[in-house]
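Enquirer:
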């Protein structure tokens with residue numbers, strides 16, 4: 080028998096929230112997203128370069144990737160940086176990370192983009208794991224893997 084206490088959550092499944100970024104970062108990303116044409120990707124990359132832990136910027140860089148591999152790489156970096164950010168925000172490997180909370184969206188967008196791009200490059204197992212993880216993090220936002228449409 081252990082002397083360590085068992086921590087039970089009386090309020091249900093724990094939920095983790097990533098803090099929103101400072102306005103300076105979100106304003107810079109909004110400016111980059113307003114750029115038209117091929118310079119848009121370059122402008123977003125400059126935001127990522129300035130704030131490499133800014134998860135939404137990684138997600139938007141993935142959206143603007145020039146090919147499948149570049150998109151996959153950006154989403155994967157954002158996903159891994161997001162795991163670090165979640166842990167720093169108190170996440171312990173389980174519980175909800177809801178899309179409804181603005182600060183969580185960059186991480187979830189990277190994870191969703193990674194799922195799509197993994198499928199594109201034939202990494203079916205990784206795509207499945209990502210889809211399952213999304214559903215576990217926010218079952219109200221993301222359908223269970225194998226279902227026909229998002230909620």
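Numbering (the working numbering), first residue to last: 80 to 230. By construction, the Cβ of each residue, glycine as well, lies at the ideal position given by its N, Cα and C atoms.
Between residue 126 and residue 181, what straight-line distance do the alpha-carbon atoms span, to the nearest angstrom?
Expert: Numbered from 1 along the chain shown, position 47 holds the residue referred to as residue 126. Numbered from 1 along the chain shown, position 102 holds the residue referred to as residue 181. Near 19 Å, if we compare the C-alpha coordinates of residue 181 and residue 126.
Enquirer: With DSSP run on the structure shown, which of helix, strand or coil describes residue 202?
Expert: Looking up residue 202 in the chain shown gives position 123. If DSSP states are grouped into helix, strand and coil, residue 202 belongs with coil.
Enquirer: For a test of your reading of the model: does the CB of residue 143 fall under 8 Å from any non-hydrogen atom of the ligand HEM? Yes or no.
Expert: No copy of the ligand HEM appears in this structure; indeed no ligand is present at all.
Enquirer: State the DSSP-derived secondary structure class of residue 94, mapped to helix, strand or coil.
Expert: On the chain shown, residue 94 is found 15 positions in, with the first residue counted as 1. Strand at residue 94.
Enquirer: Classify residue 84 as helix, strand or coil using the three-state DSSP reduction.
Expert: On the chain shown, residue 84 is found 5 positions in, with the first residue counted as 1. Any reading at residue 84 needs caution, since the residue's pLDDT is 47, under 50, leaving its predicted position unreliable; the model's value is listed next. It is coil, neither helix nor strand.
Enquirer: Could you tell me the distance, in whole angstroms, from the CA atom of residue 175 to the CA atom of residue 215?
Expert: Mapped onto the chain shown, residue 175 falls at position 96. Mapped onto the chain shown, residue 215 falls at position 136. Each residue's alpha carbon lies about 7 Å from the other.
Enquirer: Closer than 6 Å by C-beta to residue 209: which residues in its own chain qualify, once you throw out the five before and the five after it? Chain order, please.
Expert: In the chain shown, residue 209 corresponds to position 130, counting from 1. Once the five neighbours on either side are set aside, the close Cβ partners of residue 209 are 190, 193 and 194.
Enquirer: How would you call residue 114, buried or exposed, if buried means at least 16 neighbouring beta carbons within 10 angstroms?
Expert: Residue numbering aside, residue 114 sits at position 35 when the chain shown is read from its first letter. So residue 114 counts as exposed.
Enquirer: Going by beta-carbon coordinates alone, are residue 178 and residue 165 separated by less than 9 Å?
Expert: Position 99 of the chain shown, counted from the first residue, corresponds to residue 178. Position 86 of the chain shown, counted from the first residue, corresponds to residue 165. No, the Cβ-Cβ distance between residue 178 and residue 165 is not below 9 Å.
Enquirer: Which ranges does the beta strand (DSSP E) cover as unbroken runs of at least 3 residues, wholly within the stretch 121 to 197, from first to last along the chain?
Expert: The stretch 121 to 197 contains no whole beta strand (DSSP E) run of 3 or more residues.
Enquirer: Can you list, in chain order, the residues of its chain with a C-beta nearer than 7 Å to that of residue 130? Leave out the 5 residues immediately preceding and following it.
Expert: Within the chain shown, the letter at position 51 stands for residue 130. 104 and 136.
Enquirer: Residue 112 to residue 204, Cα distance in whole Å?
Expert: Position 33 of the chain shown, counted from the first residue, corresponds to residue 112. Position 125 of the chain shown, counted from the first residue, corresponds to residue 204. Their Cα atoms are separated by approximately 32 Å.
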